[in-house]
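For my numbering, count along the sequence shown from 1 and bump the result up by 64. Here a beta-carbon is modelled for each residue, glycine too, at the ideal position from N, C-alpha and C. These figures come from a predicted structure and were not determined experimentally. Here's the structure, in structure tokens; my notes come after.
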Amino acid sequence: MLFPTSLVGSYPQPDWLIDREKLSKQVPRVRADDLWLVAPDKLEAAQDDATILAIRDQERAGLDIISDGEQRRESYSNRFATALDGIDIEKPGTVINRNGRPIPVPRIVGPIRRRQPVELRDLKVLRANTDRKIKATVPGPFTMGRQAQDDYYGDEEAVAMAYADAVNAEINDLFAAGADVVQIDEPWMQQHPEKARRYGVKALNRALDGVTGTVAVHLCFGYAAVVREKPSGYSFLPELEQCNAQQISIEAAQPKLDLKVLAQLPSKIIVLGVIDLGDMTVESPQLVADRIRGALFYV
65 MLFPTSLVGS
75 YPQPDWLIDR
85 EKLSKQVPRV
95 RADDLWLVAP
105 DKLEAAQDDA
115 TILAIRDQER
125 AGLDIISDGE
135 QRRESYSNRF
145 ATALDGIDIE
155 KPGTVINRNG
165 RPIPVPRIVG
175 PIRRRQPVEL
185 RDLKVLRANT
195 DRKIKATVPG
205 PFTMGRQAQD
215 DYYGDEEAVA
225 MAYADAVNAE
235 INDLFAAGAD
245 VVQIDEPWMQ
255 QHPEKARRYG
265 VKALNRALDG
275 VTGTVAVHLC
285 FGYAAVVREK
295 PSGYSFLPEL
305 EQCNAQQISI
315 EAAQPKLDLK
325 VLAQLPSKII
335 VLGVIDLGDM
345 TVESPQLVAD
355 RIRGALFYV
């Protein structure tokens with residue numbers, strides 16, 4: 065197979081499951097239970113149904129590596145980040161988001177620990193419902209650290225390392241349960257490049273310590289529905305050549321990324337974003353092929 069295809073990870077939830085209008089105006093960092101349109105006692109079953117629908121859509125589209133579409137999540141990061149010990153989700157903290165606005169976030173009040181697997185059941189449902197290769201996604205330690213208010217460690221690098229240990233345990237459980245690929249989402253490395261240069265790759269490599277499966281690190285500029293104006297270059301990307309992941313997954317179509325940067329990742333497999341989610345026009349096969357050819361010149 066020359067170019068295996070996959071979703072980055074998320075897939076729109078059905079209108080009967082989640083309040084899409086309300087969700088489009090926010091990217092929750094704390095729990096947002098009010099977004100769900102199904103009663104709590106029926107929510108898990110409804111999310112299972114939505115997951116199977118997402119799997120079938122991907123299969124019909126001919127994708128090679130299938131995700132669960134993150135149908136159980138209110139955002140890519142908050143489900144995992146709020147499931148850890150040491151987090152006060154009843155009294156959240158505050159950080160400034162990439163649009164310069166204060167947002168509620170998990171507040172760290174004690175040692176960050178992963179008491180039990182968070183996404184293991186999600187992975188098992190995915191594995192049971194497709195015979196294709198499967199991918200699980202987890203938020204990265206640097207990003208979770210930047211999306212939290214630290215009232216315990218007093219050291220942002222120590223926060224990232226604590227999250228890295230939790231991510232490491234989760235990744236190992238996901239591979240043991242049958243994941244073919246695990247993707248670590250680290251979009252806030254792009255938002256905070258100087259801090260990412262100080263300890264981002266170090267935290268990422270700690271999260272990958274002892275991991276033997278295929279890992280992709282994903283960087284992007286934010287959800288298309290929320291962030292419409294995007295730069296044509298990453299402020300942090302070549303540095304990932306030093307990380308221990310085999311694959312680097314990048315957003316390229318909507319921001320019209322300057323693909324010269326790919327030449328600075330010579331040892332990595334590039335997972336190239338070829339769909340512009342900010343434009344509802346369906347790309348032609350020729351346009352997608354042209355975007356791929358544009359990247360091949362630099363890898």
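Cα-Cα separation, residue 123 to residue 130: Sequence index remark: in the sequence shown, residue 123 carries index 59 (1-based). Sequence index remark: in the sequence shown, residue 130 carries index 66 (1-based). Distance between the alpha carbons of residue 123 and residue 130: 8 Å.
Grab the span of the beta strand (DSSP E) containing residue 169 for me, first residue to last. Counting from 1 along the sequence shown, the entry for residue 169 is found at position 105. Counting along the chain, the beta strand (DSSP E) containing residue 169 begins and ends at 166 to 177.
State the DSSP-derived secondary structure class of residue 241, mapped to helix, strand or coil. Taking the sequence shown and counting its residues from 1, one reaches residue 241 at position 177. If DSSP states are grouped into helix, strand and coil, residue 241 belongs with coil.
Do residue 313 and residue 247 have their beta-carbon atoms positioned less than 8 Å apart in this structure? Mapped onto the sequence shown, residue 247 falls at position 183. Mapped onto the sequence shown, residue 313 falls at position 249. In this structure, residue 313 lies closer than 8 Å to residue 247 by Cβ.
Residue 203 in three-state terms, based on DSSP: Position 139 of the sequence shown, counted from the start, is the residue given in the question as residue 203. In this structure, residue 203 counts as strand in the three-state DSSP scheme.
Length of the line joining the Cα atoms of residue 196 and residue 240: Indexing the sequence shown from 1 puts residue 196 at position 132. Indexing the sequence shown from 1 puts residue 240 at position 176. Approximately 17 Å between the Cα atoms of the pair.
Out of 325, 345, 343, which has the shortest C-alpha to C-alpha gap to residue 336? Along the sequence shown, read from residue 1 onward, the residue named residue 336 stands at position 272. Comparing Cα-Cα distances from residue 336 to each of 325, 345, 343, the minimum goes to 325.
Quick check on DSSP: helix, strand or coil for residue 134? Residue 134 sits at position 70 when you count from the first residue of the sequence shown. Of the three classes helix, strand and coil, the one that applies to residue 134 here is coil, per DSSP.
How do the region 189 to 203 and the region 217 to 224 stand: do at least 3 beta-carbon pairs fall below 8 Å, yes or no? no
Is DSSP giving residue 377 helix, strand or coil here? Here the chain comprises residues numbered 65 to 363, so residue 377 is not present and cannot be evaluated.
Taking buried to mean at least 16 other C-beta atoms within 10 Å of its own C-beta, is residue 203 buried or exposed? Within the sequence shown, the letter at position 139 stands for residue 203. Under this definition residue 203 is a buried residue.
Per-residue burial, residue 327 [other beta carbons within 10 Å of its own, 16 or more giving buried]: Along the sequence shown, one-based indexing puts residue 327 at 263. With fewer than 16 Cβ atoms within 10 Å of its Cβ, residue 327 is classed as exposed.
Whole-number beta carbon distance between residue 319 and residue 296, since they are thought to touch under 8 Å: Within the sequence shown, the letter at position 232 stands for residue 296. Within the sequence shown, the letter at position 255 stands for residue 319. 6 Å between Cβ atoms; contact.
Assess contact between the region 156 to 172 and the region 203 to 212, defined as three or more Cβ pairs (one per stretch) separated by less than 8 Å. Is contact present? yes
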